[in-house]
Amino acid sequence: MKLLVSDYDKTIEIERIFRKPYIPKGTIPRIRKFMSEGNMFMIATSRPYNSIIEEIYEHDIPYDFVSTLNGSIIHDNDGNVLYSKEMMKLDIENLYKTFKCIEKIELIKNKDRDLYYIFKTKLFTSSKELIERLEKNGFNVQSWFMNTYNIVHGYSNKIDSIKFLQKELEISNNDIITIGDSSDDLQMIKDYYSFGIIKPLSNFEIINECDHKVKSLKDAFKYINKNI
Numbered sequence: 003m004k005l006l007v008s009d010y011d012k013t014i015e016i017e018r019i020f021r022k023p024y025i026p027k028g029t030i031p032r033i034r035k036f037m038s039e040g041n042m043f044m045i046a047t048s049r050p051y052n053s054i055i056e057e058i059y060e061h062d063i064p065y066d067f068v069s070t071l072n073g074s075i076i077h078d079n080d081g082n083v084l085y086s087k088e089m090m091k092l093d094i095e096n097l098y099k100t101f102k103c104i105e106k107i108e109l110i111k112n113k114d115r116d117l118y119y120i121f122k123t124k125l126f127t128s129s130k131e132l133i134e135r136l137e138k139n140g141f142n143v144q145s146w147f148m149n150t151y152n153i154v155h156g157y158s159n160k161i162d163s164i165k166f167l168q169k170e171l172e173i174s175n176n177d178i179i180t181i182g183d184s185s186d187d188l189q190m191i192k193d194y195y196s197f198g199i200i201k202p203l204s205n206f207e208i209i210n211e212c213d214h215k216v217k218s219l220k221d222a223f224k225y226i227n228k229n230i
C-alpha cells in the first residue's frame, strides 16, 4: 500500500492567467485508479477545511484523508477529525487596541479545539507590523487572499499530518509519495519520494529538492503508474 499526499492549489487544480483555475482532464480518474489498487490518497493544503471540502464536493474528488491549515488537522472522508494541533491562545482585545488597521478577527473552533484565527487589515504597511509581531510570538501567519490572513499554530507543518498517518497506517518512508509547489510543501518534498511542480516563477527550493519535476498531479501519475 502506498500513501500519495498532494497539495491542492497549483498542483491538483492548475492556475491559468486571466482565467478560472481548473483540474486537468484525467486527474480524477487517475486518483480513483490509484485508490482502487489498494493505495491511499490525502490532500494536504494550507486552506481551512470548509474551503477545501467545497472544492472536493464540486469536482467529486475521491480521497481518504484531507490535511488542512498546514498540517494542523486531519479529517477522514466522513468528516471525522483524526488529528488536530491545538493552537496557542491569542489576546484578541489587545490586538484591537494595538493595531487600528484590523477590521475583523474571528476564532474558528472545532470539537472544542482552537484551530485558527482569521483577520483582515485595511493597510498593508500596518498588517506587516502585525505579522511580524505575531510570528515573533510563535504564530504561523499565512496569506489567504488580499489583506486577509489566517493564523495557525506556530509549529504546524504538512509533514506533521503525514507522520501521524504513517504511524497509524504502519507504513515506511518508501511507501509515501508527495507532490507540491510551494514553501509549505518543502519539508514533505525533502523527506519523501517527491514530485515538484514546474510553473512560472517556480519555487527553486522545491525544484532542487524534488525527485521529479512535473506540471501537475496528473503528470505525476504517468510516472507513478509505471515505476512505483
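Going by the numbering used here, the residue at position 108 of the sequence shown is 110; the numbering climbs one at a time, nothing skipped. Even glycine gets a Cβ: it sits at the ideal position worked out from N, Cα and C.
For S8 against I16, the beta-carbon gap comes to about 12 Å, at or over 8 Å, which does not count as contact. Here R18 carries a strand assignment [DSSP, helix/strand/coil]. The alpha-carbon separation between E57 and C103 amounts to approximately 31 Å. In the three-state scheme derived from DSSP, where H, G and I count as helix and E and B as strand, Y85 is classed as strand. Per the coordinates, the alpha-carbon of I55 lies some 16 Å from the alpha-carbon of Y24. Taking a 10 Å sphere around the C-beta of H61, we find fewer than 16 other C-beta atoms and assign the residue as exposed. Our two residues, S163 and Y65, have alpha carbons roughly 15 Å apart in a direct line. With respect to the 8 Å criterion, F141 and Y85 are not classified as neighbours on the basis of their beta carbons.
Look at the region 27 to 59 and you find these whole runs of beta strand (DSSP E), each 3 residues long or longer: 42 to 46. Annotation for K217: I16, I199, I200, K201 place their beta carbon closer than 8 Å to its own, counting only its chain and skipping 5 residues before and after.
DSSP places L5 in the uninterrupted beta strand (DSSP E) bounded by 5 to 8. In the structure shown, K217 adopts coil according to DSSP, grouped into three states.
Taking C-beta atoms as the reference points, I45 and V68 count as a pair closer than 8 Å. Judged by DSSP secondary structure, D162 falls within the alpha helix (DSSP H) whose first and last residues are 160 to 171. Here the C-alpha atom of K12 lies approximately 25 Å from the C-alpha atom of N175. Of the residues assessed, N205 falls on the buried side of the cut-off, its CB having 16 or more other CB atoms within 10 angstroms. Between K27 and F223, the alpha-carbon positions lie close to 13 Å from each other. About 17 Å separates the CB atoms of I179 and I209; that is not less than 8 Å, and the two are not in contact. If you look at I76, you'll find it in the beta strand (DSSP E) that goes 75 to 78. Rounded to the nearest whole angstrom, the C-alpha separation of N152 and S48 is 9 Å. The beta carbons of L171 and L5 sit closer together than 8 Å.
Sixteen is the threshold: since fewer than 16 other Cβ atoms of the shown chains lie within 10 Å of the Cβ of T100, the residue is exposed. In this chain, I199 is not harboured by any alpha helix (DSSP H); it is covered by the beta strand (DSSP E) spanning 195 to 199.
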